[in-house]
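In full-length UniProt numbering, the protein residues as written are 1 to 233. Quick reminder that beta carbons are idealized off the backbone N, C-alpha and C, glycines included. Given the structure is predicted, the values throughout are model-derived calculations rather than measurements. Worksheet: one structure, shown below.
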Amino acid sequence: MLTAQLPDLTSKKITQHVRWFEEYEKLREKNKLAIQRWKESKLKEKERRRSSERKGSIGSLDTNAENELRKQEIALWKKKKEQEKEEQEKRLQEKREAEQLQEKLERNKHKKAREKIEIMKQERQRCEESAKAEQKLLEAEIRRERAEEARKMIKSYRKMDEMHIEKLKLLRLTRKDKREPLQLPAPRLSAPRNPDRLLQMTQVWRAKCKIDEMESRGKFPQPTLHVRNIPHL
Numbered sequence: 001m002l003t004a005q006l007p008d009l010t011s012k013k014i015t016q017h018v019r020w021f022e023e024y025e026k027l028r029e030k031n032k033l034a035i036q037r038w039k040e041s042k043l044k045e046k047e048r049r050r051s052s053e054r055k056g057s058i059g060s061l062d063t064n065a066e067n068e069l070r071k072q073e074i075a076l077w078k079k080k081k082e083q084e085k086e087e088q089e090k091r092l093q094e095k096r097e098a099e100q101l102q103e104k105l106e107r108n109k110h111k112k113a114r115e116k117i118e119i120m121k122q123e124r125q126r127c128e129e130s131a132k133a134e135q136k137l138l139e140a141e142i143r144r145e146r147a148e149e150a151r152k153m154i155k156s157y158r159k160m161d162e163m164h165i166e167k168l169k170l171l172r173l174t175r176k177d178k179r180e181p182l183q184l185p186a187p188r189l190s191a192p193r194n195p196d197r198l199l200q201m202t203q204v205w206r207a208k209c210k211i212d213e214m215e216s217r218g219k220f221p222q223p224t225l226h227v228r229n230i231p232h233l
């Protein structure tokens, strides 16, 4: 019930407060009883005085004894009150010290929790930065490997192209050496002039086109693409 009424206090503080209140109630009851006894003694004293007045004067020895007894009782009551007051102040001081210690522990606990959270944040940030750096290194390595592979492929294609060109040159030279000279008819000077012949193929041109057609049909290997015409990666 007290926890619901005092949500700001912990259960430990509430328990300490209840214990202190119970002790305070006990002390207050003791004070009440002491005051009541003192009042009763005062009443009894008055009654004794009245009784002594009715009976007449009492001997000086008896009066001195009663006065001394009364003084002793008052002294004892005062001493008891002082002791109770000291005990109460001591309990209050202990309670204040306990509360201060609890508050200090709570502050230290919160401080350590904040420090732990900050350390975790820094560690997570370092991990993220390390992961990003590793990712960048991996991407750079992939780009380097791709560039190296492309360079090797270009070099290989260039070498193949050069070999192919050299092979074609050699084949053409060999073919040229083995080719027989064409037997072309001698031009006739007495041929009549015909302007339409300007658009017709000559026999030499027909022979040349025939040779080129044979080469294009597969007698010679087809040239591959030049390295400059290779599509980019």
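Cα-Cα separation, residue i to residue j
{"i": "residue 33", "j": "residue 118", "result": "60 Å"}
{"i": "residue 73", "j": "residue 43", "result": "14 Å"}
{"i": "residue 122", "j": "residue 142", "result": "30 Å"}
{"i": "residue 131", "j": "residue 145", "result": "21 Å"}
{"i": "residue 167", "j": "residue 158", "result": "14 Å"}
{"i": "residue 20", "j": "residue 14", "result": "10 Å"}
{"i": "residue 139", "j": "residue 109", "result": "45 Å"}
{"i": "residue 101", "j": "residue 12", "result": "13 Å"}
{"i": "residue 95", "j": "residue 113", "result": "27 Å"}
{"i": "residue 49", "j": "residue 66", "result": "11 Å"}
{"i": "residue 172", "j": "residue 137", "result": "52 Å"}
{"i": "residue 98", "j": "residue 133", "result": "52 Å"}
{"i": "residue 29", "j": "residue 18", "result": "17 Å"}
{"i": "residue 175", "j": "residue 169", "result": "10 Å"}
{"i": "residue 183", "j": "residue 153", "result": "In this prediction, residue 183 has a pLDDT of 48, which is less than 50 and means its spatial position is unreliable; what the coordinates show is noted afterwards. About 48 Å."}
{"i": "residue 129", "j": "residue 155", "result": "39 Å"}
{"i": "residue 180", "j": "residue 163", "result": "Note that residue 180 scores 49 on pLDDT, short of 50, meaning its location in the model is unreliable; the coordinates nonetheless yield the value given after this. Cα to Cα, the separation comes out at about 27 Å."}
{"i": "residue 89", "j": "residue 80", "result": "14 Å"}
{"i": "residue 106", "j": "residue 10", "result": "11 Å"}
{"i": "residue 39", "j": "residue 46", "result": "10 Å"}
{"i": "residue 93", "j": "residue 104", "result": "16 Å"}
{"i": "residue 16", "j": "residue 86", "result": "19 Å"}
{"i": "residue 124", "j": "residue 115", "result": "14 Å"}
For residue i, the nearest candidate out of the options (CA to CA)
{"i": "residue 27", "options": "139, 76, 82 and 162", "result": "82"}
{"i": "residue 234", "options": "71, 108, 135 and 109", "result": "With the chain covering only 1 through 233, there is no way to say anything about residue 234."}
{"i": "residue 35", "options": "64, 20 and 76", "result": "76"}
{"i": "residue 78", "options": "161, 137, 37 and 11", "result": "37"}
Rounded Cβ spacing between residue i and residue j (contact assumed at less than 8 Å)
{"i": "residue 91", "j": "residue 23", "result": "6 Å"}
{"i": "residue 84", "j": "residue 31", "result": "7 Å"}
is_contact[residue i, chain C] using C-beta, thresh 8 Å
{"i": "residue 51", "result": "Absent from the structure is chain C; it holds one protein chain and no more."}
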